[in-house]
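Below is one structure, written out as structure tokens; comments come after it.
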Amino acid sequence: MNTKNKKLVKDYWGYIFIAPFIIIFIIFALYPIANTFFLSFTNANIIHGMPGNIIGFNNFISLFNDPMFIRALQNTWLLWLGNFIPQMILALVLAAMFSSTTFKLKGTGFFKAIYYLPNLLMPVTVAALFQHYLTLHGPINSFLVGTTGLMSEPRNFLQFATDTRFTVMFIQTWMWFGQTAIVLVSGMTSISPSYYESAMVDGASQTRMFFKITLPLLKPVLLFVLVTSLVGGMQMFDIPLLLSDGPLGPPDMSVLTMNMFMRARMNHPANAIGSAAAVSVILFFISSFVALILFRVFRTDEQKQQKKQRRVETNG
Amino acid sequence: MDSYRIKQFSYKFICYTFLIILFLICVLPIYMLLINATRTTEAINAGFSLIPGTNIINNWNIIQGFGINIPLGLRNSLIIAISTTFLSVYFSLLTAYAINIYDFKFKKAFYGFILAMTLVPMNLYLIGFFQYMHHLGMLNSLTPMILPSIAAPGTVFFFKQYLDSALVPELIQAARIDGATEFEIFNKIVLPISKPGAFTMAIFAFVGSWNAFMGPLFIIGGNINLHTLPLIMQRLQGDAFRTDFGAIYLGMAISLIPIIIVYSIFSKYIVSGITLGSVKE
Amino acid sequence: MKNKFKKLFLSFLAATSLFLVACGTGVNPATSGGIEVFPEDQDRILRIASFTNEALVLATAFAGENPDIEIDFTEITMQGGEYQNWLMPLLALGGDVPDVIFLEAEFIRQFVESPFLGNMNSLLPYVDYVDTFPFVVEAGMHNGEARAFSFQATPGVMYFRRSMAREYFGTDDPSFIQELFSTPESTLDAGRVIRDASGGTTFLVSSANEFFRGFAAGRRDPWVVDNTLTIDPLMMYFIDFARILNEENLQAQVDQWSGEWFQGMDDNLINAHGQPIRIFSYLLPTWGLTYVLMDNAPSTFGDFGVIESPLPYHWGGTWIAVTRDARNPNLAREFVRWATLNEVTLERWATGYFSNEFLRAIDPSLPSDLGRGPGDFVSSRNVVNRISNYFEDTDAYNFLGGQNPYEIFGQLAPNVSLRLMQGTDAAIGDEWQDAVGAYLEGQIGSVQELLQSFRNAVRVILPDLNIN
């Protein structure tokens, strides 16, 4: 009896601890988010009056019938995957190198600090820098054509779809791989070294340990990285916009992302808040759906055990 | 013995080469940025150089001449960044800890809700938030810039995952048996254990707040005395009308330096790599 | 997991329906105009929003003449559209809005055509007194209401390099050069002469886009007619013109506002092969002289001349408007009148009277470089005619090798027509230029695809427009 009371009293603290979050959320976030969902079912327009008239699912239907929205969807996925995959590989390799107990590398702190630097820059700054570098008579062309002769004629990189896309992917990777590595390292340092010690006693190699111990134990942190990258990637916006210097991601809308599409609908001359809200909602559901899959895939063995146990309990 | 040493050496050689190449890729553009901050506009347009120029004072004067009040922007950015960092990290850890350790009703729904919130795109939320703050008359003040960071779903998500790996319930039980209150347990045990994760999130929160543009634009755009550095830097670009590149680069460099400092301070805590798992198996 | 999300979605629906009832955010656009009696001013603080600190110069000078007034100024850049995108929702919400807003040509129409500006018909008589150029007033009119006035007039011209003119055409006499650039076709011919005589190292212009405004201004139809996207034949001709410039190497492939564009003005542009290349002419408006060329071309001082562009055009300009929900409507209108429809102010603006010393004397806390030098072309014909001679032997005059810019601007301004100007111009025009650019570089293969890409883009930014 005593233990049960104690447990209840202790658990009451759960409510107290989450109270600040809930209060602030209700005050500041609930209305805007709910409003967005609501607006997605209207034809609200900034100039002609909000909230406008309710038009049911029309916004969603026209978006899915809109080849440009579909293109934006494809671009968003392309640009995200093209940046996330190299970024993840790079970050995992780095994290493994930095937390390796057998081959101790010097100066890991220093390197980590440097690799995070690109993330500290404002996207505006980064885009401006790269734009400056990539012009027809700019430094990169001068280097490739004049100094080294690797190319015979200069190339107006930002006027070509593949080049622009590649540049966006490169910049995104460049800006985020350091942060990802840091998160992975902080996760790795939380793995008890006793696991590795016993494995080494058993004669396991570095790579084997990495794949059989590190990665599985890193699952929660990996999940975090995946999901946050997914959410960020689906919302990718500033780099493609600022680099291509046109609201619709020229040339020929090759770097138009869903978020840029949304902005274009929200701003002048469309002012179509309802349509923009619908894009937001679609983005949300896409992210949710993929995130659900990721959660499934990354369930740790503990959680699987817990679920099994619960099933046994209810059935038994 | 020899083959082992050769293996060690070649492994380290490959590693270090790889690390240094990455180092150059990361540093070079930033180094160029800092160099350009010291050169004249003509020199910048003429090409790239690895050698600093002597025009830094001049560039600073140009910035001053436009009335771009960098110290004021620094102050505003610092106030907002420091407050939001502290609030978001502390309260997110608190919330994540609660989900991790306690078993209360609706806990699962609550956590699911938080996860769902991390998936909400920021943008249109902004217009709705802008409208809402306008109705409440809270625009052009610092409150809506700072308070909402107490509810930071993404950070809660990270800490939940982090605590899943790092927190051992036996530790908490032990402390309870010793007679500590729940609050004391959180502040004296959980916080120290979470240092690497907390400082990691703190850096991200600080940088996110420091570089934020759209939020401050809508919330405090109307009050020029509250403008943060990004808003001021954009003004510099507009006033310098793309012609005073030296001044613009200097502005960018100045916005960069405080976060580099903050990062250097924080990264020590992450680097010290406290191995958790304080309960040996 | 699925249950969680179902719960979430349901709670959202519940929340939104609650909010439907509780929070009506409808904005009723009030009708302005009609009887012109404005409510009393609430205080003596003039709230101004603008996108550069130019507004602060006028505001300070105004406060200097009216010491009981305080200025509350905020500035947000228009570089990436931030200013417009911040201002429009703010005005739509009403309530605590600025009294006075500055509007640039790129977005003036969207605000003038919106319900959020105040009626300034009461100031129209002053237009006659100072003889404002018609197009300046035209841009600010909507449905018979005057909603914005300007202190500037910004017709476009063509600035050319005298030394190159002498080298390739034997003379730098503007009237002779003018003949060479009297039509688009003759312009192309002149461009070929330049290319051949220089061995391909000198280009007529930096890029084909320099001519875009000229072509756009010469159209018969604007982009939107009867809510339908209209591509005027002159725009199709622009594609051909641009292609010729591209194929025949008459343009340097240097984008406007890039570092190289400025270098070309100052004659230190080097291409990717390491060879120096030169640019013969720049198509810029009135302010292009003082704010762009003179600031960035110290070495070529005196080597520029000015002629009319083969296709007349107009570029930029800043207008001032009063908001519908202004707290101090009378003060606001007084400021607009003082700044745009007052010959004394305009003359002072044009002759650089509002210098650093002058401004600092009124308010010592102002930044040290705020003052404006002489040279801006103002909107009053009276003032322009009166002060035209002032500009003989000024820096601008000498920069142009002894040409009075005011004279030529003065000749062009009365004939500028903005009847084609629409709120959607900037957005649609940019998409057109992007599509043409991609076509010229080869990213887009044919003119058909160019048009398709253009239509696709316009459909995104104007979903309710008829596009065939």
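Residue numbers (my numbering), protein chains in the order written: chain A, 1 to 316; chain B, 1001 to 1281; chain C, 2001 to 2468. Where a beta carbon is used, it is the ideal one built from N, C-alpha and C, also for glycine. The structure displayed is predicted, hence computed values, not measured ones.
Cβ neighbour criterion (16 or more within 10 Å) applied to residue i
i	result
A/Tyr31	buried
C/Gly2026	Reliability of the predicted coordinates at C/Gly2026 is poor, the pLDDT of 32 falling under 50, and the value obtained from them is presented with this limitation in mind. So C/Gly2026 ends up on the exposed side.
B/Ser1264	exposed
C/Gly2034	For C/Gly2034, the predicted structure reports a pLDDT of 44, less than 50, and the residue's modelled location is therefore unreliable. A value from the coordinates is still provided. Flag for C/Gly2034 reads exposed.
B/Tyr1031	exposed
B/Ile1051	exposed
C/Asp2099	buried
B/Lys1280	In this predicted model, B/Lys1280 has a pLDDT of only 31, less than 50, meaning its place in the structure is not dependable enough to derive any value.
C/Asn2028	For C/Asn2028, the predicted model reports a pLDDT of 28, less than 50, meaning its position is unreliable and no value from the coordinates is stated.
B/Pro1148	buried
A/Lys180	Sequence inspection shows Thr at residue 180 of chain A; the Lys mentioned does not correspond to that position. A/Thr180 is buried by the Cβ-count criterion.
C/Thr2031	Residue placement at C/Thr2031 cannot be trusted, given a pLDDT of 38 that sits under 50; what the coordinates show is reported in the next sentence. Burial call: exposed.
B/Arg1235	buried
B/Thr1181	exposed
C/Gln2443	buried
B/Ile1014	exposed
C/Glu2431	buried
C/Ser2281	buried
A/Ile18	buried
Rounded Cβ spacing between residue i and residue j (contact assumed at less than 8 Å)
i	j	result
C/Pro2115	C/Pro2329	Their Cβ separation, rounded to whole angstroms, is 16 Å, which puts C/Pro2115 and C/Pro2329 out of contact at 8 Å.
C/Val2466	C/Thr2228	First, the residue type needs correcting, since residue 2466 of chain C is Asn and not Val in the sequence shown. Rounded, the Cβ-Cβ distance is 4 Å, consistent with contact.
B/Ala1166	B/Ser1141	The Cβ separation is near 38 Å, so there is no contact.
C/Val2130	C/Val2137	The Cβ separation is near 11 Å, so there is no contact.
C/Ser2309	C/Gly2156	6 Å
Residue i - partner residues in DSSP beta bridges
i	result
A/Asn45	A/Gly49
C/Tyr2282	C/Tyr2159
C/Ser2050	C/Glu2075
C/Leu2103	C/Trp2319
C/Gly2514	Residue 2514 of chain C is absent from the model: chain C starts at 2001 and stops at 2468.
C/Thr2228	C/Val2225 and C/Asn2466
C/His2314	C/Pro2155
C/Met2141	C/Ala2146
C/Gln2110	In DSSP, C/Gln2110 forms no bridge with anything.
C/Val2378	C/Gln2152
C/Ile2277	C/Leu2269
C/Leu2117	C/Thr2323
C/Gln2251	C/Val2205
C/Ile2045	C/Glu2070
B/Ile1006	In the DSSP output, where bridge partners are listed per residue, B/Ile1006 has none listed.
A/Ile54	A/Thr42
Within chain A, partners of residue i - CB distance below 7 Å
i	result
C/Gln2253	Leu136 and Asn156
C/Gln2443	Gln159, Phe160, Ala161, Pro251 and Asp252
Interface partners of residue i on chain C, CB under 7 Å
i	result
B/Gln1161	Near B/Gln1161 there are no residues of chain C at all, since even the closest Cβ is about 16 Å away, more than 7 Å.
B/Arg1235	Glu2075 and Thr2077
B/Phe1104	Chain C residues near B/Phe1104: none, gap ~16 Å exceeds 7 Å.
A/Ala272	Pro2463
B/Gly1065	Pro2367, Ser2368 and Asp2369
Within chain B, the residues that residue i reaches when beta carbons sit closer than 8 Å
i	result
A/Trp80	What A/Trp80 touches in chain B: nothing, since even the nearest Cβ is about 13 Å away.
C/Gly2375	Near C/Gly2375 there are no residues of chain B at all, since even the closest Cβ is about 15 Å away, more than 8 Å.
Partner residues on chain B for residue i, Cβ-Cβ distance less than 7 Å
i	result
C/Phe2051	Gly1238
Chain C contact residues for residue i, given Cβ-Cβ distances below 8 Å
i	result
B/Phe1048	Those do not exist, as B/Phe1048 stays about 11 Å from chain C at its closest Cβ, beyond 8 Å.
B/Ile1219	Here the premise fails: no neighbours, minimum Cβ distance about 10 Å.
A/Ala264	Val2460 and Ile2461
A/Leu248	Glu2431, Asp2434, Ala2457, Val2460 and Ile2461
Within chain C, partners of residue i - CB distance below 9 Å
i	result
A/Asn141	Asn2271 and Ala2272
A/Ser318	With chain A running from 1 to 316 in the structure shown, residue 318 of chain A is simply not present.
Partner residues on chain A for residue i, Cβ-Cβ distance less than 9 Å
i	result
C/Ser2206	Here the premise fails: no neighbours, minimum Cβ distance about 11 Å.
Residue ranges of each beta strand (DSSP E) within the stretch 1161-1192 of chain B, 3 or longer: none
Which runs of the alpha helix (DSSP H) spanning at least 4 residues fall entirely within the stretch 2184-2246 of chain C, listed in chain order? 2184-2198 and 2212-2217
Which ranges does the beta strand (DSSP E) cover as unbroken runs of at least 3 residues, wholly within the stretch 234-263 of chain A, from first to last along the chain? none
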